[in-house]
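Colleague:
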Amino acid sequence: MSVVLHISDTHFGTEVPAVVEALVKLAEQQRPDLVVLSGDITQRARPAQFSAARAFVDRLGAPVLAIPGNHDIPLFDLWARLSAPYARYAAAFGAELEPVRRSAGLLVVGVNTTRAWRHKHGEVSGPQIQRVARELAGASAAQLRVVVVHQPVAVVRAEDAVHRLRGHTEALQCWASAGADLVLGGHIHLPYVTPLQGLARPLWAVQAGTAVSSRVRPAVPQSVNLLRWDAGTRPGCCLIERWDHSAPAGRFVRSTITEVRPARA
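Per my numbering, the sequence shown runs over residues 8 to 272.
Have a look at this one:
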C-alpha cells in the first residue's frame with residue numbers, strides 16, 4: 008500500500024505552533040511514503056517564512072513534492088515579483104516548480120498554476136496540459152495517477168467559482184483521457200472530495216483545507232488528507248481520509264473517509 012499525506016495552505020507566518028506539532032505527530036504515526044504540499048506555503052513569501060516551512064517539512068519524515076501558490080510570490084516587493092518571482096521559493100524548496108515523483112505505486116505530477124502578473128487567480132496553459140498528459144500516458148496500472156495544482160479545478164459552493172483554475176475544462180478533459188485518477192488542490196481552505204462529471208473516465212477533485220494556519224474558514228478547522236492506495240484489490244481502491252485538528256484533543260483526528268475506485272483498462 009502507498010500512503011500520501013496531502014497538505015496545503017500552511018501559510019507560514021500565520022502558523023499555529025500547537026497545530027504544527029500535532030501534524031508532525033500525525034506524520035510520525037502514519038509514516039507516509041510521500042508528502043504533497045499544494046501551495047501557499049508561506050503568507051508573504053518572506054525568507055524567514057520559507058525557512059520555517061522548510062524546517063517543518065523536514066520533520067515530516069518523507070520525501071516532499073511541493074508546488075508554489077500565489078502567496079509564495081512576493082506581493083509588496085514589486086521588483087522581486089517581476090524580476091525573480093520564485094527565487095525565495097526555490098531557495099527553500101528547489102528550482103523545480105513542476106516536480107514529478109514516481110514509485111511502484113504512485114505517479115504524482117506537479118503543475119505550477121501561479122503567474123507573477125496575477126494576484127491570486129491561477130491558470131494552466133496548453134503546454135502544461137500536454138506535459139502532464141505525457142507523464143500520465145507512461146503510468147502503469149499499479150500506479151495511482153495524481154496531478155497536483157494549487158487553485159481548485161472544481162468547487163462545491165457557488166461563491167467559490169471565481170477561484171477555479173483558469174483552463175480547467177481543457178485540462179480535465181485531457182488529463183482524464185490520459186489516465187489521471189485524482190487532481191489535488193488547495194487555495195480556498197475548504198476540504199472536500201468530489202467526482203468530476205462528463206469526462207472520458209472517472210476522475211476526482213481532492214481539496215485540502217489549511218493545514219496549520221490560523222486563517223481558517225468559519226466552522227472548518229485545520230485539516231489534511233491521507234490517501235491510501237492499494238493496487239492489489241480488483242479494482243484498485245483509494246481511501247481518501249480527511250483528518251481535522253481537534254483543539255480539545257490537541258491532535259489531528261480522522262473525520263471522514265471517501266472510497267474511490269479508479270478505472271483501469
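C-beta atoms are modelled at their ideal positions from N, C-alpha and C, and glycine is treated no differently. In this text, all values refer to a predicted model and were calculated from it rather than measured experimentally.
Does the count of Cβ pairs from the region 161-174 and the region 129-138 closer than 8 Å reach three?
Modeller: yes
Colleague: Starting from Leu246, follow its DSSP beta bridges and name the residues at the other end.
Modeller: Arg235 and Glu266
Colleague: Return the residue from the list Lys32, Asp16, Arg38 and Val31 that minimises the CA-CA distance to Ser9.
Modeller: Arg38
Colleague: Give me the DSSP bridge partner(s) of Gly192.
Modeller: In DSSP, Gly192 forms a bridge with Gln214.
Colleague: Please state if the CB of Val154 and the CB of Trp182 are separated by a distance shorter than 8 Å.
Modeller: yes
Colleague: Which one of Gln50, Pro54, Leu41 and Arg249 has the shortest CA to CA distance from Val64?
Modeller: Leu41
Colleague: Taking the CB atoms as reference points, tell me whether Val227 and Ala218 lie closer together than 8 Å.
Modeller: no
Colleague: Write down every uninterrupted run of the alpha helix (DSSP H) in the region 10-92 whose length is 4 residues or greater and which is fully enclosed by it, in chain order.
Modeller: 24-37, 54-65 and 85-90
Colleague: Relative to the C-alpha of Thr21, which residue among Ala52, Val200, Glu105 and Asn119 is closest?
Modeller: Thr21 has its Cα closest to that of Ala52, out of Ala52, Val200, Glu105 and Asn119.
Colleague: Suppose the cutoff is 8 Å on Cβ atoms and the five residues either side in sequence are ignored; what does the same chain contact list for Ala98 look like?
Modeller: Pro54 and Phe57
Colleague: Where does Gly174 sit, in a helix, a strand or coil, going by DSSP?
Modeller: coil
Colleague: Below 8 Å on the Cβ atoms is my contact criterion, and I expect Leu143 with Trp236 to pass it. Report the Cβ-Cβ distance as a whole number of Å.
Modeller: Contact doesn't hold; Cβ gap of about 16 Å is too wide.
Colleague: Using only the alpha-carbon positions, how far apart do Pro134 and Ala256 sit?
Modeller: So the two alpha carbons sit approximately 46 Å from each other.
Colleague: Between the beta-carbon of Pro70 and the beta-carbon of Arg109, is there less than 8 Å?
Modeller: The Cβ-Cβ distance between Pro70 and Arg109 does not fall below 8 Å.
Colleague: Determine the direct distance from the alpha carbon of Pro269 to that of Gly243, and round the result to whole angstroms.
Modeller: Between Gly243 and Pro269, the alpha-carbon positions lie close to 7 Å from each other.
Colleague: What are the boundary residues of the beta strand (DSSP E) that includes Gly117?
Modeller: Counting along the chain, the beta strand (DSSP E) containing Gly117 begins and ends at Leu113 to Gly117.
Colleague: Give me the DSSP bridge partner(s) of Val163.
Modeller: Among the bridge pairs identified by DSSP, Val163 is matched with none.
Colleague: When the Cα atoms are used, what is the spatial distance from Ala168 to Ala161?
Modeller: 8 Å
Colleague: Return the residue from the list Gly46, Val31 and Ile48 that minimises the CA-CA distance to Leu67.
Modeller: Ranking the options by Cα distance to Leu67, first place goes to Val31.
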